[in-house]
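Colleague: Chains as they are written, first to last, in our numbering: chain G, 1 to 218; chain P, 1001 to 1218; chain X, 2001 to 2218; chain E, 3001 to 3218. Note that the Cβ used here is the ideal one computed from N, Cα and C, for glycine as well. Owing to the predicted nature of the structure, the values given are computational and were not obtained by experimental measurement. The structure's right below; bear with me while I get my questions together.
4 protein chains.
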Amino acid sequence: MALPPVPHEFASSLRTSRIEALSDAVFGIVMTILVLEIPVPEIEHPTAQDIPRALLRLWPMFLGYFVSFIVLGMSWVAQHEQFHFVKRADQALLWMTMLFLMLIATVPFTTTLLGRYLDQQAVVVLYGAHLLAISLVHHATWRYATRNRRLVDPHIDLEDVKIHLRRSLATPVIYLIAIGLSFMSTVLSVVVYAFVPLVYGVLPSIYAKREGSRPRKS
Amino acid sequence: MALPPVPHEFASSLRTSRIEALSDAVFGIVMTILVLEIPVPEIEHPTAQDIPRALLRLWPMFLGYFVSFIVLGMSWVAQHEQFHFVKRADQALLWMTMLFLMLIATVPFTTTLLGRYLDQQAVVVLYGAHLLAISLVHHATWRYATRNRRLVDPHIDLEDVKIHLRRSLATPVIYLIAIGLSFMSTVLSVVVYAFVPLVYGVLPSIYAKREGSRPRKS
Amino acid sequence: MALPPVPHEFASSLRTSRIEALSDAVFGIVMTILVLEIPVPEIEHPTAQDIPRALLRLWPMFLGYFVSFIVLGMSWVAQHEQFHFVKRADQALLWMTMLFLMLIATVPFTTTLLGRYLDQQAVVVLYGAHLLAISLVHHATWRYATRNRRLVDPHIDLEDVKIHLRRSLATPVIYLIAIGLSFMSTVLSVVVYAFVPLVYGVLPSIYAKREGSRPRKS
Amino acid sequence: MALPPVPHEFASSLRTSRIEALSDAVFGIVMTILVLEIPVPEIEHPTAQDIPRALLRLWPMFLGYFVSFIVLGMSWVAQHEQFHFVKRADQALLWMTMLFLMLIATVPFTTTLLGRYLDQQAVVVLYGAHLLAISLVHHATWRYATRNRRLVDPHIDLEDVKIHLRRSLATPVIYLIAIGLSFMSTVLSVVVYAFVPLVYGVLPSIYAKREGSRPRKS
């Protein structure tokens, strides 16, 4: 069977706005169903202390939820910034985004695993590897989209591109270090997963804002 | 490792429209999955009365669902109004919104808890504290966004700002009172959670509309 | 405590586009989670016939799913058409929409109940009452929005308004009849729930299209 | 009861943008809840090997998830391309889209079935039939929308239309072959479901892009 050729217009018909809409739906759902995995205590005829105690015993689930929510928030912001620069989509970018969303959609699975077995190093390493994969796909997307200004604004500042590439490589490096830390303490490792990127990524940009809202180039 | 500086454009690249899209997804999902937590009765060979009776016994779950749906509706409207005035986003606003959405996303957990243990005061207080936290983050977002007209329209009416700040502070005050009421009756407390803000926030504005649709400044 | 007055701009700040976005999220989720309630058969070491047989035994669940999907589809289209005409929102319209969405969000509960107890008349009546409530809120929203052209285009054709009001009243009438039919046969009643509105609402409009795509007023 | 006539404006009031929004919500949710069906292992006092082993035993669930995610990704892209060309909606297109979305929404059911009974040929055939139905509805939608340029741009290139029709027919043909392969090996059949369309649909279009980004008509 001779297959018909692929028309060229296909690639250009992929509007980034609809990729963003799909992404927002996936992120919104993942952020919301994460909490469904935390089991609501079921106690018959509880005393006044039973339920607070049962909730406190769930702390590893809440920690896992909190860390994953922050990681998802950062990933959403990062993808958000990316699509501020990416002006066109082609099939490769689309499927890199699909891979990215598949990794985002599976966060509830590894988060539940983490909440149940926070003391198991294999689980903490797997969770870290999951976050590592998310950040590497994100970095690869930057690299693909900006190479020869393939899918970005043709007048984009090359200095900006370099900064984004280096920054998007910093997160996987932090995850690698955090995975290593799991040999010392699994809880420490999990805390580093969320808070080092947060501190590194968010605090300086608030600081940068305060320091001066002067545009760099003007 | 010397980390690269954060480019200034980052903050300005955060479009409020996409924050709203993520919020709509989260609210839509939470409103919908709330009902999944109500267990559909499973009875083998039921008589004609068995199922109506089993449904009636679920009334605390339905009350919890109803109260949470109204609270979510009010929160959605409140955030909706806020983003009518907020014209720009920075990293701090974004993470305040993330915290807001995290609190919204966890409503199904405390709602299920409430539906199961409506007679436990600790649970009713926890549910109230959850609503209190949502309303405080909402108030803090108003305060942050409007201070020195940071993220709002530079020509915004300062009188309007004051009204919004005071109004967004009234809801947490009501929640504090309702938490106090739980020492008298847990059901009363739950009813106050939903209906006082509704009566206070919605009825007067319908009234205001009827009274005259004349714009205040013209 | 003297509460501050409600500013007039509140009502006008409610953009219908965001109400539509929230509605689309709710409809999309309900349509999707409906299927989660159908239990996937769990059989250890099944023979070749076991799974097909187990699936066939699930037919009441599939019927319930199918009927609810069609009802949701019709409700979505109906709300879609409504917001084509509704140009502004006020607090009352917003809370009518919230009530509408709450009724939509609870469809999975009554659908699962229906799938489990298709032979119980009380369940079929409850399901019908649920659909009736949805269609009545929809009708009330038309009535509210169009009275004195309150929230619609001021140049709307009054003849169109009348047609919409009558049409949106036809669906509840059909549901009432179908509820009555449940005294004869519960399966018949369920089939009427979905297919009479479909046949009445969809077929004639396809026919109308074929007959001539001439605009009525030109 | 004389039913009022259906006004002509109904059909034209169906904006494709809102159909796309509903579709994005459905796809986003299905992609995300797919993973909820994979059971997170529950082991009390696990040894270091227990959890990795339990995860490895889940490989048929992960394969099913992966295949369904790719199929959903392809379906989303395909619908995306379709609505790039479809400029108007009528009731028939709307209900074809509803049928399409109903088939998409039920993917988690057949995927879970597949993950549990990957060795049962009946299940693999059912899953294939599900994918076949999705691709046939997609093809029928192209055929309906493009016949006499009914719902597409009146200046659309007829050569393009032919290519889309033939291409959208190639996928069902591949699914039919893959269903046949299930008589030899169920795993092979499942792999063909996802990867043949991927290789056929995605690789050539990347190739086409590299070969030259010259527009075909200029």
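#1: Measure from the alpha carbon of L63(G) to the alpha carbon of each residue in S75(G), V35(G), Q121(G), then state which is nearest.
#2: Would you verify that the beta carbon of V3035(E) is, or is not, closer than 8 Å to some beta carbon of chain G?
#3: State the beta-bridge partners of V1196(P) as determined by DSSP.
#4: What is the C-beta distance between Y2193(X) and P1046(P), in whole angstroms, given that I count them as a contact (C-beta under 8 Å)?
#5: In three-state DSSP terms, what is V1152(P)?
#6: Buried or exposed: where does M3031(E) fall if 16 or more other Cβ atoms within 10 Å of its Cβ makes it buried?
#7: At the level of alpha carbons, what is the spacing between T1016(P) and A3140(E)?
#8: Among residues of its own chain, excluding the 5 on either side of L3151(E), which ones have a beta-carbon nearer than 8 Å to its beta-carbon?
#9: Would you mind telling me which residues of chain P sit closer than 9 Å to A2140(X), beta carbon to beta carbon, in chain order?
#10: Which of the three DSSP states is assigned to V2040(X) in this structure?
#11: Give me the Cα-Cα distance between S2075(X) and A1025(P), rounded to the nearest whole angstrom.
#12: Tell me which residues of the stretch 2073-2100 of chain X have at least one Cβ-Cβ distance to chain P shorter than 7 Å, keeping chain order.
#13: Taking contact to mean at least 3 C-beta pairs separated by less than 8 Å, is the stretch 37-55 of chain G in contact with the stretch 98-107 of chain G?
#14: Thinking C-alpha only, which one of V3124(E), S3135(E), E3081(E), R3166(E) is nearest F3183(E)?
#15: Can you list, in chain order, the residues of its chain with a C-beta nearer than 8 Å to that of K2033(X)? Leave out the 5 residues immediately preceding and following it.
#16: Beta-carbon within less than 8 Å of I1174(P)'s beta-carbon, same chain only, minus the 5 sequence neighbours each way: which residues are those?
#17: Closest by CA to L131(G), which one among L55(G), P60(G), G73(G), E20(G)?
#18: Along the chain, where does the alpha helix (DSSP H) that runs through Q1091(P) open and close?
#19: Return yes when the Cβ of I2179(X) is within less than 8 Å of the Cβ of A2129(X), no when it is not.
#20: Indicate whether at least one CB of chain E lies closer than 8 Å to the CB of Y117(G).
#21: With C-beta atoms as the reference, is L3126(E) less than 8 Å away from V3190(E)?
#22: State the Cα-Cα distance for the pair S2218(X) and H2080(X), rounded to the nearest angstrom.
#23: Measure the alpha-carbon distance for T2110(X) versus V2137(X) and round it to whole angstroms.
#24: Apart from the five residues on each side of it in sequence, which residues of its chain come closer than 7 Å, Cβ to Cβ, to M2061(X)?
#25: Can you say whether H1155(P) is buried or exposed, counting buried as having 16 or more other CB atoms within 10 angstroms of its CB?
#26: Buried or exposed: where does I43(G) fall if 16 or more other Cβ atoms within 10 Å of its Cβ makes it buried?
#27: If the cut is a Cβ gap below 8 Å, which residues of chain P does I51(G) touch?
#28: Can you name the residues that DSSP bridges to V3086(E)?
#29: Assuming P1052(P) and A2122(X) form a contact by the criterion Cβ under 8 Å, report the distance between their Cβ atoms to the nearest whole angstrom.
#30: Rounded to the nearest angstrom, what separates R1147(P) and P1172(P) at their Cα positions?
#31: Go through the stretch 1107-1171 of chain P residue by residue and report every complete run of the alpha helix (DSSP H) that reaches 4 residues or more, in order.
#32: So, helix, strand or coil for P60(G), using DSSP?
#33: Compare the C-beta of E44(G) against all C-beta atoms of chain P and say whether one is closer than 8 Å.
#34: Compare the beta carbon distance of I1104(P) and I2029(X) with 8 Å and say whether it is the shorter of the two.
#35: Could you work out which residues of chain P lie near V40(G), taking near to mean beta carbons separated by less than 8 Å?
#36: With 8 Å set as the bound, which would you pick, yes or no: does the beta-carbon of R1166(P) sit closer than that to a beta-carbon of chain G?
Modeller: Taking the coordinates as given:
#1: The residue you call residue 63(G) lines up with position 63 of the first sequence. Ranking S75(G), V35(G), Q121(G) by Cα distance to L63(G) puts V35(G) first.
#2: Indexing the fourth sequence from 1 puts residue 3035(E) at position 35. With 8 Å as the cut-off, V3035(E) counts as an interface residue toward chain G.
#3: The count along the second sequence starts at 1 and reaches residue 1196(P) at position 196. Beta-bridge pairing links V1196(P) to no other residue.
#4: Locating residue 2193(X) in the third sequence gives position 193, where the first residue counts as 1. Locating residue 1046(P) in the second sequence gives position 46, where the first residue counts as 1. In fact, because the Cβ distance is near 21 Å, the residues do not count as touching under 8 Å.
#5: Locating residue 1152(P) in the second sequence gives position 152, counting from the first residue. In this structure, V1152(P) counts as strand in the three-state DSSP scheme.
#6: The sequence position of residue 3031(E) within the fourth sequence is 31, counting from 1. Answer is buried; the Cβ neighbour count reaches 16.
#7: On the second sequence, residue 1016(P) is found 16 positions in, with the first residue counted as 1. On the fourth sequence, residue 3140(E) is found 140 positions in, with the first residue counted as 1. Taking the straight line joining both Cα atoms gives about 39 Å.
#8: For the purposes of this step, residue 3151(E) is taken as the residue at position 151 of the fourth sequence. Hits under 8 Å: V3086, K3087, R3088, A3089, D3090, L3093, Y3144, A3145.
#9: As a working mapping, residue 2140(X) is identified with position 140 in the third sequence. Within chain P, no residue comes near A2140(X); the closest Cβ sits about 15 Å away, beyond 9 Å.
#10: By one-based count along the third sequence, residue 2040(X) stands at place 40. Correct three-state label for V2040(X): coil.
#11: Working through the third sequence from its first residue, we reach residue 2075(X) at position 75. Working through the second sequence from its first residue, we reach residue 1025(P) at position 25. Spanning the two alpha carbons is a distance of roughly 19 Å.
#12: D2090, Q2091, A2092, L2094, W2095, M2098
#13: no
#14: For the purposes of this step, residue 3183(E) is taken as the residue at position 183 of the fourth sequence. Per the Cα distances, V3124(E).
#15: Within the third sequence, numbered from 1, the residue matching residue 2033(X) stands at position 33. According to the sequence as given, residue 2033(X) is Ile; it is not Lys. Here the set comprises P2108.
#16: Numbered from 1 along the second sequence, position 174 holds the residue referred to as residue 1174(P). The residues are V1192, V1196, P1197, Y1200.
#17: Along the first sequence, one-based indexing puts residue 131(G) at 131. That would be G73(G), whose Cα lies nearest to the Cα of L131(G).
#18: Within the second sequence, the letter at position 91 stands for residue 1091(P). Residues 1091-1105.
#19: As a first step, residue 2129(X) must be located in the third sequence, where it is residue number 129. As a first step, residue 2179(X) must be located in the third sequence, where it is residue number 179. Yes, these two residues count as a Cβ contact at 8 Å.
#20: Locating residue 117(G) in the first sequence gives position 117, where the first residue counts as 1. It does; some Cβ of chain E falls within 8 Å.
#21: As a first step, residue 3126(E) is located in the fourth sequence; it is residue number 126 there, counting from the start. As a first step, residue 3190(E) is located in the fourth sequence; it is residue number 190 there, counting from the start. Cβ distance not < 8 Å, so L3126(E) and V3190(E) don't count as in contact.
#22: As a first step, residue 2218(X) is located in the third sequence; it is residue number 218 there, counting from the start. As a first step, residue 2080(X) is located in the third sequence; it is residue number 80 there, counting from the start. Confidence in S2218(X) is poor, its pLDDT being 34 and thus under 50, which makes the residue's placement unreliable; the coordinate value appears in the next sentence. The straight-line gap from Cα to Cα measures roughly 25 Å.
#23: In the third sequence, residue 2110(X) corresponds to position 110, counting from 1. In the third sequence, residue 2137(X) corresponds to position 137, counting from 1. When rounded, the distance between both Cα atoms is 18 Å.
#24: Taking the third sequence and counting its residues from 1, one reaches residue 2061(X) at position 61. Excluding positions up to five away in sequence, the list reads I2038, G2115.
#25: The sequence position of residue 1155(P) within the second sequence is 155, counting from 1. So H1155(P) ends up on the exposed side.
#26: In the first sequence, counting from the first residue as 1, residue 43(G) sits at position 43. Exposed.
#27: For the purposes of this step, residue 51(G) is taken as the residue at position 51 of the first sequence. Those within 8 Å of I51(G) in chain P are L1113, Y1117, Q1120, A1122, V1123.
#28: Your numbering for residue 3086(E) matches position 86 in the fourth sequence. Looking at the DSSP assignment, V3086(E) forms a beta bridge with V3152(E).
#29: Here residue 1052(P) is taken as the residue at index 52 of the second sequence, counted from 1. Here residue 2122(X) is taken as the residue at index 122 of the third sequence, counted from 1. Indeed they touch by this definition, with Cβ atoms about 5 Å apart.
#30: The sequence position of residue 1147(P) within the second sequence is 147, counting from 1. The sequence position of residue 1172(P) within the second sequence is 172, counting from 1. Taking the straight line joining both Cα atoms gives about 20 Å.
#31: 1107-1116, 1121-1146
#32: Counting from 1 along the first sequence, the entry for residue 60(G) is found at position 60. Three-state result, P60(G): helix.
#33: The residue you call residue 44(G) lines up with position 44 of the first sequence. Taking Cβ atoms only, chain P never reaches closer than 8 Å to E44(G), which makes this a no.
#34: Against the second sequence, residue 1104(P) aligns to sequence position 104. Against the third sequence, residue 2029(X) aligns to sequence position 29. Not in contact: I1104(P) and I2029(X) (Cβ atoms no closer than 8 Å).
#35: Taking the first sequence and counting its residues from 1, the one referred to as residue 40(G) is at position 40. Those are E1037, F1109, T1112, L1113, R1116, listed as they occur along chain P.
#36: Position 166 of the second sequence, counting from 1, holds the residue named residue 1166(P). No, R1166(P) lies away from the interface with chain G (no Cβ there is under 8 Å from its Cβ).
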